[in-house]
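Engineer: First, the structure itself, so that you have it in front of you.
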Amino acid sequence: MTDIVVEKLKLLPDSPGVYIMKDASGRIIYVGKAVVLKNRVRQYFQHNKNHSPKVKAMVSHIADFEIIMTHSEVEALILECNLIKKHRPHYNISLKDDKSYPYVKVTVQEEYPRVFLTHRVTKDGSRYFGPYTDVTAVHQSLKLLRRLFPLRTCRHLQDRPCLEYHIKRCLAPCVGKVTKEDYAAMIRAVLLFLEGRTEDVERELKFRMEQAAAAFHFETAARLRDQLRAVQKIAEKQNIVTGAGDQDAIGIARSEIGVCVQVFFIRAGKMIGREHFLLQDSEEESDADILAAFLSQYYHRAAFVPREVLLPLAIAEEERALLESWLTEKKHGNKVQLLVPQRGTKRDIVAMAESNAEKYLSDEAARIKQADEKTMGAVRELGRYLGLKKMPYRMECFDISHIQGSETVASMVVFEGGLPKKSDYRRFKIQSTEGKPDDFLSMREVTTRRYVGLPEEELPDLIVIDGGKGQLSSALEIIRGAGGHKDVPVVGLAKQFELVFTEGESEPVVLPRHSQALYLIERIRDEAHRFAITYHRKLRGKRNLVSILDHIVGIGPKRRQALRSHFGTIARIREASVEELQQAPGMNRPAAEAVYHFFQAQRDMTRYHADGANGKE
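So in full-length UniProt numbering, spot 28 of the sequence shown is number 28, and the numbers just go up one at a time.
Okay, structure coming up:
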């Protein structure tokens with residue numbers, strides 16, 4: 001315990017608040033709340049055998065701490081949540097990747113509100129729904145909403161209808177094609193839909209449909225009828241589970257890969273959706289402590305608080321009372337209860353949430369295992385089949401690309417741990433074989449440029465050459481000779497039958513047809529080929545662009561380069577006006593006219609031949 005800590009412990013107050021533990025570098029490692037700061041903080045530094053290993057480890061790193069006094073324990077809870085979210089201390093239980101959770105935002109403060117996805121919740125008067133962990137499901141929900149309700153999507157109202165209006169995805173409030181009252185009614189239906197109150201949506205739509213029909217607004221009535229049918233179809237898929245009311249049912253599960261909390265959303269007695277959340281730094285914590293930490297962090301950012309939260313197990317009575325008081329305050333004084341159902345439908349829903357959390361963890365474990373088999377498992381397997389002394393963690397693969405010797409290029413792609421490491425990719429423009437195809441000479445050049453003079457510690461664990469014995473020999477001639485590298489394994493991968501040729505062996509290694517080792521070496525070869533072809537096409541495109549511009553009188557190398565940089569493609573240069581051509585650096589009016597008339601003559605010639613083919617004079 002440092003002298004600073006000893007002195008500060010003497011000055012701790014009796015009030016509620018938040019304490020912030022820091023290490024020697026000043027980094028925040030833990031944030032906690034307390035009813036009485038003096039009692040809670042001093043407990044950490046007492047010689048207590050009951051401290052968990054995690055607490056003992058944390059205390060050993062505390063070099064300083066700060067406190068923030070609050071008026072109440074509820075204020076301390078809110079401040080604790082904010083600080084954990086901001087600093088993500090190492091020793092706090094925290095929602096994993098919470099910053100990435102999206103929300104649905106309805107800008108109800110605007111004259112004609114919009115509905116869209118956001119990752120930021122601000123106090124701007126908008127209504128928020130979330131957070132959600134399944135981004136794909138949120139996008140599908142928004143797509144469905146926009147199909148049901150033709151809301152505007154533009155940020156700013158325009159002075160004329162856009163394409164969305166013409167394809168019947170917007171009612172064009174920008175030019176008064178829909179009244180404020182009708183648009184507001186549509187937004188009310190959207191909010192009810194997002195809250196899961198489909199019965200209320202049905203009543204609202206049916207009432208408006210009948211009103212429109214009575215007023216002989218048959219087009220509006222037909223649109224409302226279609227919306228009503230779509231909502232009814234969705235409502236059929238939702239089951240009554242608890243009779244009535246708004247509830248969240250929470251299940252928790254643990255495994256070797258972590259802790260998962262599943263939340264079922266029940267609105268007006270119907271289950272409308274679910275989300276799962278992973279928690280980190282929770283290995284040594286009890287289920288009750290994990291649950292309490294989750295509740296405070298989740299509802300701190302949740303857009304909606306139900307009247308009941310159904311829990312799988314009891315948390316500390318003091319913690320439960322605090323959370324209920326805070327949630328009731330968040331719900332504007334409407335009482336919120338944390339319940340642990342023992343029997344009946346509510347207990348069944350909690351059990352369902354628990355089983356779903358267990359299922360997610362088991363699926364995640366299977367996914368991790370499968371991903372490992374495709375990556376590190378494949379690396380280990382390849383090393384065994386090739387008889388390598390060292391596992392080929394880093395692999396470098398080379399490929400040559402050209403068309404009859406022109407624009408010959410080479411690519412080098414890098415895989416580490418079975419995955420691409422694109423930051424280490426390299427590409428080479430081959431000089432030694434320009435104009436004449438020679439893959440062997442090209443391979444000697446690229447291996448010379450890569451490996452001659454390269455320090456031993458920077459060598460890969462395996463070099464893969466895309467090609468058979470000839471390309472392998474060309475590479476070995478440089479790597480073993482001029483490169484002076486005697487030990488790095490080098491193999492060649494034949495283009496047919498996926499045969500792997502190794503140094504000093506006349507017969508190739510045949511990898512099992514459905515092995516992960518074969519799939520890995522195919523992936524790295526295909527990636528090298530893709531990278532080389534991409535570079536080759538880029539160079540060929542530049543060459544073709546220059547070759548056409550070569551025929552224009554008055555356009556020299558500098559102006560060709562300027563046109564290429566300014567327009568990018570021949571098509572854009574061909575379609576440009578004289579004024580637009582003149583905007584390119586180094587171009588003047590006569591040069592721009594020369595380019596314009598050159599392509600105009602080409603267009604005239606094309607039309608002349610076309611008219612001749614059609615029998616026109």
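We treat Cβ as the ideally placed atom computed from N, Cα and C, and that holds for glycine.
Between the segment 315 to 325 and the segment 118 to 126, can you find at least three pairs of beta-carbon atoms closer than 8 Å?
Structural biologist: no
Engineer: Tell me whether Ser423 is buried or exposed, calling it buried when 16 or more other Cβ atoms sit within 10 Å of its Cβ.
Structural biologist: As a position in the sequence shown, residue 423 is number 423, starting the count at 1. So Ser423 counts as exposed.
Engineer: Just confirm the distance between the C-beta atoms of Ala303 and Tyr30, as a whole number of angstroms; I'd bet it's less than 8 Å.
Structural biologist: Counting from one through the sequence shown, the residue named residue 303 turns up at place 303. Counting from one through the sequence shown, the residue named residue 30 turns up at place 30. The Cβ separation is near 28 Å, so there is no contact.
Engineer: Assign Arg301 to one of three DSSP states: helix, strand, or coil.
Structural biologist: As a first step, residue 301 is located in the sequence shown; it is residue number 301 there, counting from the start. DSSP places Arg301 in helix when its eight states are reduced to three.
Engineer: Is it true that the CB of Arg254 sits closer than 7 Å to the CB of Pro131?
Structural biologist: Translated into the one-based positions of the sequence shown, residue 131 becomes position 131. Translated into the one-based positions of the sequence shown, residue 254 becomes position 254. Not in contact: Pro131 and Arg254 (Cβ atoms no closer than 7 Å).
Engineer: Within this structure, are the beta carbons of Tyr425 and Val409 separated by less than 7 Å?
Structural biologist: Position 425 of the sequence shown holds residue 425. Position 409 of the sequence shown holds residue 409. No, Cβ-Cβ distance for Tyr425 and Val409 is not below 7 Å.
Engineer: Rounding to the nearest angstrom, what Cα-Cα distance links Glu210 and Leu291 in this structure?
Structural biologist: Mapped onto the sequence shown, residue 210 falls at position 210. Mapped onto the sequence shown, residue 291 falls at position 291. Approximately 49 Å, taken between the alpha carbons.
Engineer: Between which two residues does the alpha helix (DSSP H) carrying Ser255 extend?
Structural biologist: Here residue 255 corresponds to residue number 255 of the sequence shown, with the count starting at 1. For Ser255, no alpha helix (DSSP H) run applies; the uninterrupted beta strand (DSSP E) run containing it begins and ends at 247 to 255, by DSSP.
Engineer: What is the residue span of the alpha helix (DSSP H) that Met352 lies within?
Structural biologist: Within the sequence shown, numbered from 1, the residue matching residue 352 stands at position 352. Taken as a continuous stretch (DSSP letters only), the alpha helix (DSSP H) holding Met352 covers 344 to 374.
Engineer: Would you kindly check if the distance between the Cβ of Ser442 and the Cβ of residue 628 is under 7 Å?
Structural biologist: The displayed coordinates of the chain run from 1 to 617. Any statement about residue 628 would go beyond what the structure contains.
Engineer: What is the DSSP secondary structure of Leu322, reduced to helix, strand or coil?
Structural biologist: In the sequence shown, counting from the first residue as 1, residue 322 sits at position 322. Helix at Leu322.
Engineer: Check each candidate in Ala221, Asn356, Leu388 and name the one with the smallest Cα separation from Val509.
Structural biologist: Sequence index remark: in the sequence shown, residue 509 carries index 509 (1-based). Ranking the options by Cα distance to Val509, first place goes to Leu388.
Engineer: Classify Ile570 as helix, strand or coil using the three-state DSSP reduction.
Structural biologist: Taking the first residue of the sequence shown as position 1, residue 570 is located at position 570. The answer is helix: DSSP assigns Ile570 an H, G or I state.
Engineer: Thinking just about the alpha-carbon of each residue, which of Val263, Leu313, Val115 is nearest to the one in Tyr299?
Structural biologist: Walking along the sequence shown from the start, residue 299 turns up at place 299. Nearest option by C-alpha distance: Val263.
Engineer: Out of curiosity, what's the CA-to-CA distance linking Phe599 and Pro585?
Structural biologist: In the sequence shown, counting from the first residue as 1, residue 599 sits at position 599. In the sequence shown, counting from the first residue as 1, residue 585 sits at position 585. Answer to the nearest angstrom: the Cα atoms are 20 Å apart.
Engineer: Which runs of the beta strand (DSSP E) fall wholly inside the UniProt domain "GIY-YIG" (14 to 93) and span at least 3 residues, in chain order?
Structural biologist: 17 to 22, 28 to 34, 64 to 69
Engineer: If the criterion is Cβ atoms closer than 7 Å, does the pair Ala189 and Glu202 meet it?
Structural biologist: As a first step, residue 189 is located in the sequence shown; it is residue number 189 there, counting from the start. As a first step, residue 202 is located in the sequence shown; it is residue number 202 there, counting from the start. Not in contact: Ala189 and Glu202 (Cβ atoms no closer than 7 Å).
Engineer: On a CA-only basis, which of Lys331, Thr136, Asp64 is nearest Arg307? Give me that one, please.
Structural biologist: Looking up residue 307 in the sequence shown gives position 307. Of the candidates Lys331, Thr136, Asp64, Lys331 places its Cα closest to the Cα of Arg307.
Engineer: Any contact between the segment 470 to 490 and the segment 511 to 518? By contact I mean 3 or more CB pairs, one from each, below 8 Å.
Structural biologist: no
Engineer: Assuming Glu498 contacts Leu511 under a Cβ cut-off of 8 Å, what Cβ separation, rounded to an integer in Å, is found between them?
Structural biologist: One-based indexing of the sequence shown puts residue 498 at position 498. One-based indexing of the sequence shown puts residue 511 at position 511. With a Cβ gap of about 7 Å, Glu498 and Leu511 count as contacting.
Engineer: Is DSSP giving Val379 helix, strand or coil here?
Structural biologist: Stepping through the sequence shown from its first residue, residue 379 is reached at position 379. Val379: helix per DSSP, three-state reduction.
Engineer: Between Ser52 and Glu284, which are expected to be in contact by the criterion C-beta below 8 Å, what is the C-beta distance as a whole number of angstroms?
Structural biologist: If you number the sequence shown from 1, residue 52 lands on position 52. If you number the sequence shown from 1, residue 284 lands on position 284. Indeed they touch by this definition, with Cβ atoms about 5 Å apart.
Engineer: Quick check: the Cα distance between Cys81 and Arg367, rounded to an integer number of angstroms?
Structural biologist: Taking the first residue of the sequence shown as 1, we reach residue 81 at position 81. Taking the first residue of the sequence shown as 1, we reach residue 367 at position 367. Cα to Cα, the separation comes out at about 32 Å.
Engineer: Roughly how many whole angstroms lie between the Cα atoms of Asp159 and Ile68?
Structural biologist: Mapped onto the sequence shown, residue 159 falls at position 159. Mapped onto the sequence shown, residue 68 falls at position 68. Going by the C-alpha atoms only, they are around 52 Å apart.
Engineer: Should Lys105 and Tyr91 be called a contact, given that it needs their Cβ atoms to be closer than 7 Å?
Structural biologist: By one-based count along the sequence shown, residue 105 stands at place 105. By one-based count along the sequence shown, residue 91 stands at place 91. No, they are not a contact pair.
Engineer: Would you mind reading off the limits of the beta strand (DSSP E) that contains Thr502?
Structural biologist: For this step, residue 502 is matched to residue 502 along the sequence shown. That run of the beta strand (DSSP E) goes 499 to 502.
Engineer: Under the DSSP definition of a beta bridge, which residues are partnered with Met271?
Structural biologist: The residue given as residue 271 occupies position 271 in the sequence shown. Partner(s): Ile266.
Engineer: What's the call for Ala571, buried or exposed, on a 16-neighbour Cβ count within 10 Å?
Structural biologist: Taking the sequence shown and counting its residues from 1, one reaches residue 571 at position 571. Exposed, since its Cβ has fewer than 16 Cβ neighbours within 10 Å.
Engineer: For Gly568, collect the residues of the same chain with a Cβ closer than 6 Å to its Cβ; drop the 5 residues on either side in sequence, then sort them by chain order.
Structural biologist: Numbered from its first residue, the sequence shown carries residue 568 at position 568. Counting only Cβ-Cβ distances below 6 Å, and skipping sequence neighbours, we find nothing.
Engineer: How far does the beta strand (DSSP E) with Gly492 in it reach, from first residue to last?
Structural biologist: Position 492 of the sequence shown, counted from the start, is the residue given in the question as residue 492. Taken as a continuous stretch (DSSP letters only), the beta strand (DSSP E) holding Gly492 covers 490 to 493.
Engineer: Along the chain, where does the alpha helix (DSSP H) containing Tyr165 start, and where does it finish?
Structural biologist: Position 165 of the sequence shown, counting from 1, holds the residue named residue 165. Residues 163 to 166.
Engineer: Thinking Val259 and Ile252 are a contact (beta carbons under 8 Å), I'd like their distance in whole angstroms, please.
Structural biologist: What you label residue 259 is simply residue 259 of the sequence shown in a count that begins at 1. What you label residue 252 is simply residue 252 of the sequence shown in a count that begins at 1. Confirmed, about 7 Å.
Engineer: What runs of the beta strand (DSSP E), each 3 residues or longer, lie entirely inside the segment 116 to 175?
Structural biologist: Here the runs fully enclosed are 127 to 129.
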